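Novice:
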Amino acid sequence: MENFNSLGLHPSILASLEAMNFQVPTPIQQQTIPPALQGLDVLGSAQTGTGKTAAYAIPVISYLINSPKSSALILTPTRELAAQVHDAIRQMLGAQSPIKSALLIGGESLGFQFRQLKQRPQLLVGTPGRIFDHIQRRTLTLSNTGFLVLDETDRMLDMGFAIQLEQIAEHLPEIRQTLMFSATMAPGVSKVAENYLKDPVRISIGSTTNPVDKIKQETVHTSEADKYTVLLQQLETFKGSCVIFVKTKFGADKLATRLHKDNFAVEAIHGGLRQNKRDRVIYDFRNMKHRILVATDLAARGLDIPHIECVINFDLPQCPEDYIHRIGRTGRAGAEGRAINLLTSQDQFKWRCICRLMKPEEKYQAPRGMMGGGRSSQPYQHQRRPQQATGRRFMGFGRSN
Ligand code: ADP
Ligand code: MG
């Protein structure tokens, strides 16, 4: 397939794709769109930044055009990702489209969402908590929702949305089409896929345990005491924008404040901020108002901000898969990207888990200068997987978004 024309898409979709300068479908789009247009369920995985959104959005839009009395529901783990997906689909629908949509996410005015829902939108995009809230309030019925998309499914489960997903699914028609996507397929996802998908077409493009090749990964060994100084040195090595990932909300605020005092244009994002502040931070960062975004894993999944040149792991993530997602915020749509990992001797265990995820066949060798200490004495096999969580978490560590 050379371009989108051979797919039999509605002329309005083709016009929007042209306006967006989408000329050639990416591999996940090439393989997902035809079976999805036939009405089949799809379980798809493809690396970060390879166009999974349009892979499901194009079939969703086709469905909505062909079935004007039906609606589609797209669920994502975070509010920011839901907003981004909603924007992307509105763009693909084009300004003239009669199809109404609603963004249903937590932290935003219920009144505004009630008014949107009264207009009977055909397309609903949101986070599981708020969607279920509307169902309970009877402000939303899903009896005409014949199309369901779960984006970043493993993360939704990992965030504890499994029960809400089940409750939402109970309100959906039995006969429906379901598509499920992620860049990584953490343990447990295929089990969940069995509950939601019927005879799915399985599409797996590239590795689910490796970032795209275009992301250059570097490690810098340091100590807790020197970490900030090393960070400053690394920030000198490039000019573009970057996301610095830290472990906790408190840590995010603290690091952003410190960088701000050192005259960097920086903002922090984490789950402890009010939604309007979160929206503003992402909006400003997208528009390059500040160079640095200090973030918790809240920003690890799905966010597509093409100008991010570098991802810095100031703290390593709480589960190995999150590493792939975090560094996948750079190197999007075929661009070059850079990831810098600041490692202390305390990180040896976590770093080894990440290396094993990416290169299970290779014998792990600690980076130079990173010997001893930490949790290195604990064998990887002895990890306990917390109940309900699907992501492999490092034993004994909690997540704080
Ligand atoms: P993923 O969900 O796989 O991480 P996204 O769907 O967010 O990736 O897409 C990553 C970037 O690639 C976005 O900026 C999107 O606009 C762009 N993109 C997607 N498909 C195409 C295409 N066929 N041609 C050009 N750019 C594309
Ligand atoms: Mg995505």
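FYI, in this note's numbering the residues of the sequence shown are 444 to 844.
Ideal Cβ positions, reconstructed from N, Cα and C, are used throughout, including at glycine.
Since the structure is predicted, the reported quantities are computational estimates derived from the model, not experimental observations.
Where does His453 sit, in a helix, a strand or coil, going by DSSP?
Specialist: In this structure, His453 counts as coil in the three-state DSSP scheme.
Novice: Tell me, which residues are paired with Cys685 by DSSP?
Specialist: DSSP output for Cys685 lists Ile735, Cys753 as bridge partner(s).
Novice: Are the Cβ atoms of Glu779 and Thr627 separated by less than 8 angstroms?
Specialist: Against a cut-off of 8 angstroms, the Cβ pair of Thr627 and Glu779 comes out as no contact.
Novice: Where does the unbroken alpha helix (DSSP H) through Lys561 begin, and where does it stop?
Specialist: From DSSP, the alpha helix (DSSP H) with Lys561 extends over 553–561.
Novice: Can you tell me whether Ala668 sits near the ligand ADP, meaning its C-beta is under 7 angstroms from at least one heavy atom of the ligand?
Specialist: False, no ligand heavy atom lies under 7 angstroms from that Cβ.
Novice: One question on the structure: do Gly487 and Phe624 come within less than 8 angstroms of each other, judged by their Cβ atoms?
Specialist: Yes. Within cutoff.
Novice: For Tyr726, does the count of other Cβ atoms within 10 angstroms reach 16, so buried, or fall short, so exposed?
Specialist: Under this definition Tyr726 is an exposed residue.
Novice: Of the choices Phe688, Ala479, Arg775, whose alpha-carbon is the least far from that of Arg645?
Specialist: Ranking the options by Cα distance to Arg645, first place goes to Ala479.
Novice: Using beta-carbon positions only, say whether Gly569 and Ala636 come within less than 8 angstroms of one another.
Specialist: Contact flag unset, no.
Novice: Relative to the ligand MG, is the shortest distance from any of its heavy atoms to the C-beta of Gly780 smaller than 7 angstroms?
Specialist: Every heavy atom of the ligand MG is 7 angstroms or more from the Cβ of Gly780, so no.
Novice: Please indicate yes or no: does the CB of Asp594 lie closer than 7 angstroms to some heavy atom of the ligand MG?
Specialist: Asp594 Cβ: within cutoff of the ligand MG.
Novice: Between the Cα of Val655 and those of Gln539, Phe792, Pro511, Arg769, spot the shortest distance and give me the residue it belongs to.
Specialist: Checked all of Gln539, Phe792, Pro511, Arg769; the closest Cα to Val655 is Arg769.
Novice: Judging by CA-CA distance, which residue of Ile501, Ser586, Gly549 is the nearest neighbour of Thr519?
Specialist: Residue Gly549 is the option with its Cα nearest to Thr519.
Novice: Confirm the yes/no value for this check: CB of Asp597, any heavy atom of the ligand ADP, distance under 7 angstroms.
Specialist: Asp597: no, Cβ never under 7 angstroms from the ligand ADP.
Novice: Could you compute how far the alpha carbon of Ile712 sits from the alpha carbon of Gly745?
Specialist: Going from the Cα of Ile712 to the Cα of Gly745 covers about 15 angstroms.
Novice: By the three-class DSSP mapping on this structure, what secondary structure does Ile542 have?
Specialist: Reduced to three states, the DSSP call for Ile542 is coil.
Novice: Taking the beta strand (DSSP E) that Met623 belongs to, which residues open and close that run?
Specialist: Taken as a continuous stretch (DSSP letters only), the beta strand (DSSP E) holding Met623 covers 620–625.
Novice: Considering just the uninterrupted stretch of the beta strand (DSSP E) at Gly569, what are its terminal residues?
Specialist: Taken as a continuous stretch (DSSP letters only), the beta strand (DSSP E) holding Gly569 covers 566–569.
Novice: Which full runs of the beta strand (DSSP E) of 3+ residues lie inside the region 761–792, going along the chain?
Specialist: 780–786, all fully within the region 761–792.
Novice: May I ask you to report which of helix, strand or coil DSSP gives Phe707?
Specialist: Of the three classes helix, strand and coil, the one that applies to Phe707 here is coil, per DSSP.
Novice: Under the three-state reduction of DSSP, which class applies to Val485: helix, strand or coil?
Specialist: It is a strand residue.
Novice: Measure the CB-CB distance between Ser514 and Leu567 and report whether it falls below 8 angstroms.
Specialist: Result yes, Cβ atoms of Ser514 and Leu567 sit closer than 8 angstroms.
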